[in-house]
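Anchor point for the sequence shown: position 30 equals 30 in the UniProt record's numbering, and the numbering is continuous, going up by one each time.
Yeah, the Cβ is synthetic: ideal placement off N, Cα and C, and Gly gets one too.
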Amino acid sequence: MSKMANSIARMRLITVKMPEIYVEGIDELVKIGRYSSRSEVIRVAIRDLLKKELWVKDREMR
Numbered sequence: 001m002s003k004m005a006n007s008i009a010r011m012r013l014i015t016v017k018m019p020e021i022y023v024e025g026i027d028e029l030v031k032i033g034r035y036s037s038r039s040e041v042i043r044v045a046i047r048d049l050l051k052k053e054l055w056v057k058d059r060e061m062r
């Protein structure tokens with residue numbers, strides 16, 4: 001199993017607070033069918049942030 005697939009299989013539940021405008025935007029993405037759930041929207045957003053901020057920069061530093 002790939003590292004990414006393995007990490008997805010071991011998901012943890014966390015609680016976050018965010019501005020209502022963010023929640024409304026997330027709900028709109030789900031409503032129009034772009035994503036299947038709020039969780040999926042947030043996972044994709046965090047994955048993309050980590051890819052940009054950590055994973056790509058980590059490779060550049062090597």
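Pairwise C-alpha distance: residue j and residue i
| i | j | result |
| --- | --- | --- |
| L13 | K52 | 23 Å |
| R41 | R10 | First, the amino acid is wrong: residue 41 is Val here, not Arg. The straight-line gap from Cα to Cα measures roughly 18 Å. |
| W55 | G33 | 29 Å |
| V30 | I21 | 14 Å |
| M18 | E24 | 10 Å |
Test item: CB-CB of residue i and residue j under 9 Å
| i | j | result |
| --- | --- | --- |
| R43 | D27 | no |
Please go through the segment 4-41 and give each complete alpha helix (DSSP H) segment of 4 or more residues, from N-terminal end onward.
-> 20-31
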